[in-house]
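Per our numbering, the sequence shown starts with residue 50, numbered consecutively.
Beta carbons: idealized from backbone N, C-alpha and C, even for Gly.
Structure record follows, encoded as structure tokens.
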Amino acid sequence: MPRNHSTSSSEVTILRALLAHEDGYFSGTALADELKMSRVSVWQHMEKMREQGFEFEAVRAKGYRLVKQPVGLNALLIDARLSPQKPVVGFLCYETIDSTNDEAARQLAAGRTAPFVIVSRQQTRGRGRFGRVWHSEDNGNLYLSFAFRPLLPPERMQTFTLWMGVNVCNFVASYTEISPALKWPNDILFNERKAGGMLTEARIDSDQIRDLVFGLGLNINSEAANFPPEVARRAVSLAAHSKTPLDLNKLAAAVIGRVIEAYNQFIDGKYRDTFADLWNRFDHLRGKPVSLQHGNQQIHGTALGIDEEGSLIVRTDKGKTERFRAGEVTMSKKPADSKH
Ligand code: BTN
50 MPRNHSTSSS
60 EVTILRALLA
70 HEDGYFSGTA
80 LADELKMSRV
90 SVWQHMEKMR
100 EQGFEFEAVR
110 AKGYRLVKQP
120 VGLNALLIDA
130 RLSPQKPVVG
140 FLCYETIDST
150 NDEAARQLAA
160 GRTAPFVIVS
170 RQQTRGRGRF
180 GRVWHSEDNG
190 NLYLSFAFRP
200 LLPPERMQTF
210 TLWMGVNVCN
220 FVASYTEISP
230 ALKWPNDILF
240 NERKAGGMLT
250 EARIDSDQIR
260 DLVFGLGLNI
270 NSEAANFPPE
280 VARRAVSLAA
290 HSKTPLDLNK
300 LAAAVIGRVI
310 EAYNQFIDGK
320 YRDTFADLWN
330 RFDHLRGKPV
340 SLQHGNQQIH
350 GTALGIDEEG
360 SLIVRTDKGK
370 TERFRAGEVT
380 MSKKPADSKH
């Protein structure tokens, strides 16, 4: 049974207060008052946090200051940064797991209250679409899965992954210096290279989606050299353009908040106008020559966008307009209407 790091709510409160006063000191008395515990107990909690790699400076008459944070993914740092107003999301953080999607499905099957999020430092059997391997070493990247119980008919969820994808792109655009794009249906690209991928899996019961798992892998801080050579050629990390590594835990908490918000908007059904705007902004394929494998046929044409159901619309080289529900698109080198 993989072990997850559960966070102590007192330690989360201490850390949240110290993070909010990162540039100064926070008084031990104020911390003790907020936690309704003695200053000695506050100090004991801080000792425990030191074991994880946190370092504090204590200055008489001023209070405490956070001077060092542990390196890499840390449950406490993510939890402390998750919005305290909306603690509706359960959160489990693992050192290592087979696949966060698999763990989310297992936890749902075991009856855990949804929504919840599974995050892991690394995955031993990270999966992508078509059963492909998603390389998931402990290298500063994010592997996380969101578990929901939407109880909606499957046709209501057709555009779910696309909606999530444009929201992730929007998040990345606002959080970093880079301009990402969404390649239908599940690739997050930057500079034509893959910066992330999404894997949505559902369990349908009596014509309703009972369990829904949305998996997201985002290359945050990995160096190209951390990937196997065949992946390194096609992959990029979000930190590629920043001089310093991105704060993994801050980013994890922010992306969790954004995904949960996007899910709620989707379920409320009030997302269509925003979806159209975001889709137009982040659609990577529009107007581009594409090839698509359909059964044993290879279709060549120009991508025109998506329809109401999220199907890709392609104007084929034979002059027909066709819609594709699923499939894998590759970008054609030649212009779509070229005869050669
Ligand atoms: C793809 O591009 O084919 C989808 C990749 C999805 C990878 C993420 S990482 C977190 C979650 N757990 C998995 O095993 N897969 C998804």
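Proximity of residue i and residue j at Cβ, strictly below 9 Å
i       : j       : result
Asn-409 : Val-285 : In the structure displayed, the chain extends from 50 to 389; residue 409 sits before or after that span and is not available.
Leu-334 : Leu-361 : yes
Ala-107 : Gly-139 : no
Ala-196 : Ala-154 : yes
Leu-141 : Val-168 : yes
Thr-225 : Ser-291 : yes
Ser-271 : Asn-216 : no
Ser-76  : Gly-112 : yes
Leu-265 : Tyr-192 : yes
Leu-287 : Ile-227 : yes
Tyr-201 : Ile-309 : Here residue 201 turns out to be Leu, not Tyr, going by the sequence shown. Contact flag unset, no.
Glu-104 : Gln-207 : no
Leu-353 : Val-378 : no
Ala-129 : Ala-301 : no
Val-339 : Thr-323 : no
Asn-190 : Thr-210 : no
Glu-356 : Arg-330 : First, the amino acid is wrong: residue 356 is Asp here, not Glu. Contact flag unset, no.
Ala-273 : Ala-281 : yes
Gly-186 : Asn-275 : Checking the sequence shown, residue 186 turns out to be Glu, not Gly. Yes, the pair counts as a contact, with Cβ atoms nearer than the cut-off.
Enclosing alpha helix (DSSP H) for residue i [first to last residue]
i       : result
Pro-278 : 278-281
Glu-83  : 77-84
Val-285 : Segment: none, Val-285 is in no alpha helix (DSSP H) and carries neither H nor E.
Arg-130 : 124-130
Ser-58  : 58-69
Gly-214 : 209-224
Gln-93  : 88-100
Arg-176 : No alpha helix (DSSP H) holds Arg-176; DSSP gives it neither H nor E.
Arg-321 : 321-331
Glu-152 : 149-158
First through last residue of the beta strand (DSSP E) which encompasses residue i
i       : result
Leu-265 : 257-267
Gln-172 : 165-172
Gln-347 : 346-355
Phe-140 : 139-146
Leu-297 : Where Leu-297 is concerned, there is no enclosing beta strand (DSSP E), although the alpha helix (DSSP H) it sits in stretches over 297-317.
Thr-379 : 378-380
Leu-248 : 242-254
Arg-372 : 370-373
Gln-342 : 338-343
Gly-227 : Correcting the residue type first, residue 227 is Ile in the shown sequence and not Gly. It is not in any beta strand (DSSP E) - Ile-227 carries neither H nor E in the DSSP assignment.
Gly-112 : 112-117
Ala-196 : 191-197
Thr-365 : 361-365
Val-108 : 104-108
Asp-236 : 236-239
Distance between beta carbons of residue j and residue i, contact taken as under 8 Å
i       : j       : result
Leu-84  : Leu-125 : Not a contact, Cβ separation roughly 15 Å.
Arg-170 : Leu-122 : 5 Å
Lys-243 : Arg-283 : 5 Å
His-407 : Asp-366 : Outside the modelled stretch of the chain, which goes from 50 to 389, sits residue 407, for which no answer is possible.
Gly-148 : Gly-175 : A quick correction: the sequence has Ser, not Gly, at residue 148. That pair is a contact at about 6 Å.
Leu-115 : Leu-80  : Contact doesn't hold; Cβ gap of about 12 Å is too wide.
Pro-294 : His-184 : So it is not a contact: roughly 19 Å between Cβ atoms.
Among the options, nearest to residue i - alpha-carbon criterion
i       : options                            : result
Leu-231 : Thr-225, Asn-219, Ser-223, Tyr-224 : Asn-219
Gly-318 : Trp-212, Met-380, Glu-152, Leu-131 : Trp-212
Thr-145 : Glu-358, Leu-238, His-54           : His-54
Asn-345 : Ile-127, Asn-190, Gly-376, Ala-110 : Gly-376
Asp-82  : Lys-97, Gly-354, Ser-59            : Ser-59
Ser-57  : His-70, Met-95, Thr-78, Asp-72     : Met-95
Gly-214 : Thr-62, Arg-307, Thr-78, Asp-151   : Arg-307
Trp-233 : Ala-303, Gly-245, Ala-158          : Gly-245
Lys-337 : Gln-156, His-70, Thr-210, Arg-364  : Arg-364
Gln-172 : Phe-165, Ala-159, Ser-194          : Ser-194
Ala-110 : Tyr-74, Ala-159, Lys-117           : Tyr-74
Ser-381 : Ala-222, Glu-241, Trp-92           : Glu-241
Pro-203 : Glu-152, Ala-222, Ala-158, Asp-256 : Asp-256
Pro-199 : Asp-254, Tyr-320, Asn-150, Lys-117 : Asp-254
Val-61  : Pro-119, Ile-127, His-70           : Ile-127
Check your understanding: How about the region 76-96 and the region 248-263: do they share at least three Cβ pairs that are nearer than 8 Å?
Key -> No: fewer than three Cβ pairs fall under 8 Å.
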